[in-house]
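Undergrad: Using my numbering, read the sequence shown as starting at 2 and increasing by one per residue.
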Amino acid sequence: IRIVEGLVGEVAMVSELRARPGYGRVVPWVHEEGGRIVAEGGGVAVWLDGPCRQREIDGDVVGHFVVAAGTSVALALSVAPA
Numbered sequence: 002i003r004i005v006e007g008l009v010g011e012v013a014m015v016s017e018l019r020a021r022p023g024y025g026r027v028v029p030w031v032h033e034e035g036g037r038i039v040a041e042g043g044g045v046a047v048w049l050d051g052p053c054r055q056r057e058i059d060g061d062v063v064g065h066f067v068v069a070a071g072t073s074v075a076l077a078l079s080v081a082p083a
């Protein structure tokens with residue numbers, strides 16, 4: 002879990018998940034499943050939960066969000082057998 006905290010002003014942020022299982026040898030199949038974007042390959046499934054809508058761009062999972070002063074955003078990475 003990563004928590005992004007806004008201290009002053011407002012900042013547009015980008016989260017990018019570039020999953021490469023198998024010590025970087027496997028380029029995963031990225032697809033939507035159950036309302037989230039999942040990267041599957043090398044016997045595992047990886048996904049990033051957070052407050053923003055995510056999409057697949059060139060095999061990566063990308064999301065955009067804004068953090069303002071006094072607010073925080075949590076991002077949670079999960080891995081499971083595929």
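For each residue, glycine too, the CB sits at the ideal point set by N, CA and C.
1) Here's the rule: buried if 16 or more other CB atoms are within 10 angstroms of the residue's CB, otherwise exposed. What is Leu18?
2) Just the C-alpha distance for Ser16 and Gly43, rounded to the nearest angstrom, thanks.
3) Taking the alpha-carbon positions, what's the Leu8 to Phe66 distance?
4) Would you say Val12 reaches chain B, if we count a Cβ-Cβ gap shorter than 8 Å as a contact?
5) Report the option in Glu41, Arg37 and Ile2 whose CA atom is closest to the CA atom of Pro82.
6) Using C-beta distances below 6 Å, list every residue in its chain close to Ser1, excluding the 5 sequence neighbours before and after it, in chain order.
7) Should Pro22 go down as buried or exposed, given a rule of 16 or more other Cβ atoms within 10 Å for buried?
TA: On the basis of the coordinates in this document:
1) buried
2) Computed Cα separation, rounded: 23 Å.
3) 15 Å
4) The question asks about chain B, but that chain is absent: this structure has only one protein chain.
5) Of the listed residues, the one whose Cα sits closest to Pro82 is Glu41.
6) For residue 1 there is no data in the structure shown, the boundaries of the chain being 2 and 83.
7) buried
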